[in-house]
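Undergrad: Counted the way mature numbering (1 follows the signal peptide of the UniProt record, and there is no 0) counts, the sequence shown spans residues -25 to -1, 1 to 290.
We put the CB at the ideal spot given by N, CA and C, even for glycine.
Input: one structure, supplied below.
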Amino acid sequence: MFKKGMRILLAAAAVAPIFVSSAWAAGQMTIIVNDPSNPYWLTEGNVAKATAEKLGYTATVSAHKGDTNTESNLIDTAITNKSVAIILDPANADGSVGAVKKAVAAGIPVILVNAEINQEGLAKAQLVSNNAQGAAIGAQQWVEAVGDKGKYAELFGAPSDNNAATRSNGYETVLTQYPDLKKVAQEVANWDRTQGHNKMQSILQANPDIIGVISGNDEMALGAIAALKEAGKLANVKVGGFDGSPDAVAAIKAGELQYTVLQPVAVFSEEAVKQADNVIKTGSTGAKSEKQLFDCLLITKDNIDKYTGPFVLAQ
């Protein structure tokens, strides 16, 4: 009887390390996005959550809507809830540094997606679209649609997000090669459709003879299209977007948007969670560098049939 009991104890001891390892790897993963009313950030959160749950974690998705105070409070909640990792789309390149530092000080690994912060060595990884490459292919397509002569306007994203300046600079690098293209207006519309609409109305009042609009994202572009339609000018003004959203794809099909540059948010949101899982289990993301760029893809009427789901283009 004694020997049988010993065998049971030894068997239990043999499986104990496996149980502890599994428990250590499980836990809550906190996902913080910008604003899920935008389909881009909605997809970002949905994909990250689904990936985390597939890997055996519980996952929560919340939004800071570009406010660093809200972001800081959400990080505090993640710390209180003993999250095993945080997937964060930072609110501000400079202003989010403090929030990331708090999480790191609490021993929680942070993986950044979509946008960067202006400090390396804090987050385990920063996974973003190759915005310079995307802006270059977008601007080249825009010239093909608009032509190489005339007045145009640019809609600029949120200045607190490095992506806005990177895309704008990428546009500038290409478009300044055409001296007869004159940028007569550049308006900040903060990635927002309503602001894009309102800024487009103001641009048209001051510059009724523009022939094109190049936009930092799809939401601002779609707002501009609405304003152009109201003014009866869409037939004469070509608009280009950036993101690859379902609404932008619908606008391309309708002949209202010339193209969009797809950001592979569905790809790098999944990869971010996988790298967080690697950090939890091994202490390393498994990637070669902290900053990782994912190339963008051009969507036009010629390849739109390969758009198989939100922000996914079959190759």
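Straight-line CA distance for F243 to Q116?
TA: F243 and Q116: Cα-Cα distance of roughly 24 Å.
Undergrad: In the DSSP assignment, find the unbroken beta strand (DSSP E) run with T97 in it and report its ends.
TA: Here the sequence assigns Leu to residue 97, which means Thr is not the residue at that position. Here L97 belongs to no beta strand (DSSP E), and DSSP marks it neither H nor E.
Undergrad: Suppose you measure from the CA of A164 to the CA of N278; what does that come to, to the nearest Å?
TA: When rounded, the distance between both Cα atoms is 29 Å.
Undergrad: Within its chain, find whatever has a CB closer than 6 Å to the CB of K208; leave out the 5 residues flanking it on each side and keep chain order.
TA: So no residue of the chain qualifies.
Undergrad: Tell me which residues share the same chain as G125 and place their Cβ nearer than 6 Å to its Cβ, disregarding the 5 neighbours each side in the sequence.
TA: Around G125: I186.
Undergrad: In whole angstroms, give me the CA-to-CA distance for D136 and L49.
TA: Taking the straight line from one Cα to the other gives about 19 Å.
Undergrad: Do you know offhand how far K281's Cα is from V88's?
TA: C-alpha separation (whole angstroms): 25 Å.
Undergrad: Under three-state DSSP, which class holds F217?
TA: Coil.
Undergrad: If you draw a straight line from the C-alpha of G230 to the C-alpha of P134, how long is it?
TA: Each residue's alpha carbon lies about 30 Å from the other.
Undergrad: Quick one: is T260 buried, meaning 16 or more other Cβ sit within 10 Å of its Cβ, or exposed?
TA: Buried is the call here.
Undergrad: Kindly list the residues whose CB is nearer than 6 Å to the CB of V287, restricted to its own chain and excluding five residues on each side of it in sequence; keep chain order.
TA: Around V287: A241.
Undergrad: For E95, count neighbouring Cβ atoms within 10 angstroms of its own Cβ and tell me buried if that reaches 16, exposed if not.
TA: The residue is exposed, with fewer than 16 neighbouring Cβ atoms inside 10 Å.
Undergrad: What residue range is occupied by the uninterrupted beta strand (DSSP E) comprising K157?
TA: 156 to 163 is the span of the beta strand (DSSP E), which, as asked, contains K157.
Undergrad: Report all residues from its chain with a CB closer than 7 Å to the CB of T45; omit the five preceding and five following residues, and keep chain order.
TA: Cβ neighbours of T45 beyond the five flanking positions: H39.
Undergrad: Using the Cβ count rule (16 or more neighbours within 10 Å means buried), how would you classify N56?
TA: Result: exposed.
Undergrad: On the DSSP letters alone, give me the boundaries of the alpha helix (DSSP H) that P290 sits inside.
TA: Per the sequence shown, residue 290 should be read as Gln rather than Pro. It is not in any alpha helix (DSSP H) - Q290 carries neither H nor E in the DSSP assignment.
Undergrad: Below 8 Å, can you find three or more Cβ-Cβ pairs linking the stretch 6 to 26 to the stretch 52 to 71?
TA: Contact holds: three or more Cβ-Cβ distances are below 8 Å.
Undergrad: In whole angstroms, give me the CA-to-CA distance for A206 and A196.
TA: Using only the alpha carbons, I get a separation of about 15 Å.
Undergrad: With burial defined as no fewer than 16 other Cβ atoms inside 10 Å of the residue's Cβ, what is the status of E246: buried or exposed?
TA: Buried, by the Cβ-count rule.
Undergrad: So, using beta-carbon positions, are V72 and E91 closer together than 7 Å?
TA: No, Cβ-Cβ distance for V72 and E91 is not below 7 Å.
Undergrad: Is DSSP giving S135 helix, strand or coil here?
TA: Correct three-state label for S135: coil.
Undergrad: Using only CA atoms, which one of E129, A23, E19 lies nearest to Q3?
TA: Answer by Cα proximity: A23.
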